[in-house]
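Notes follow once the structure below has been shown.
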Amino acid sequence: MSEFQKGIWAPWRMEYIEQLADKPDGCFLCRYRDAPGDDANNHVLWRSERTLTLLNRFPYSNGHVLVAPTAHVAEPEDLPDEDSCELMRVLCDAKRVLQIAVEAHGFNIGINLGRCAGAGLPGHLHWHVVPRWNGDTNFMPVLAGDKVIPQALEQMQARFASAAADLGL
């Protein structure tokens, strides 16, 4: 490294890298769905009959939330209409909560279908709700290929819960 380059440590990232090779049996969203007693450890923010909302364990930015149907379905067209409607409502709720919890200026909300499109879990449909801020694109991803996540998941989970309670959700 030159005198101007510094090493950036992101030890939490190793968990993601290692889990790519050591896939546990089944789908993590289905495991979380079936273990409501582990919601705090799994960073599940809320659940309904048809949906599961949780913090992304490997976020793109602070407050990155996943919203998934409880049904193990890979394609949006395979969801029953009731599930699709509830998912849209929950996506809107998650966005509203994050707007308060992290004071986001904008959002990327989307879905990756298929591995080649970036889906890390192609068999279980899920939406990403990613908070954004004016000026949040900086030198880190460009020069170092790293992103800086400024807050622990547990702290983000507490902020999310507080904002959801303020909205009556």
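To convert, take the position in the sequence shown, counting from 1, and add 112; that gives my numbering. Even for Gly, the Cβ is constructed at its ideal location relative to N, Cα and C.
Would you mind giving the Cβ-Cβ distance between residue i and residue j, rounded to the nearest angstrom? I have them listed as a contact below 8 Å.
i	j	result
V185	V241	Actually they do not touch by this definition, with Cβ atoms about 19 Å apart.
S160	E198	7 Å
G222	W239	7 Å
Does the separation of the CB atoms of residue i and residue j fall below 8 Å?
i	j	result
N220	R201	no
T165	L157	yes
L141	G175	no
E187	L237	yes
L167	Q269	yes
T182	R143	no
Could you give the distance in angstroms between the alpha-carbon of residue i and the alpha-carbon of residue j?
i	j	result
A216	R208	10 Å
N224	E189	14 Å
L281	R169	22 Å
A264	R227	28 Å
A229	V177	19 Å
Looking only at C-alpha atoms, which of the options sits nearest to residue i?
i	options	result
A152	L279, E266, A213 and S196	E266
D278	C139, N154, G149 and A206	A206
R271	V214, T182, N246 and G149	V214
D248	Y172, G230 and L191	Y172
A276	A231, I212 and G230	I212
G138	G235, S274 and A273	G235
A273	A229, H155 and G149	H155
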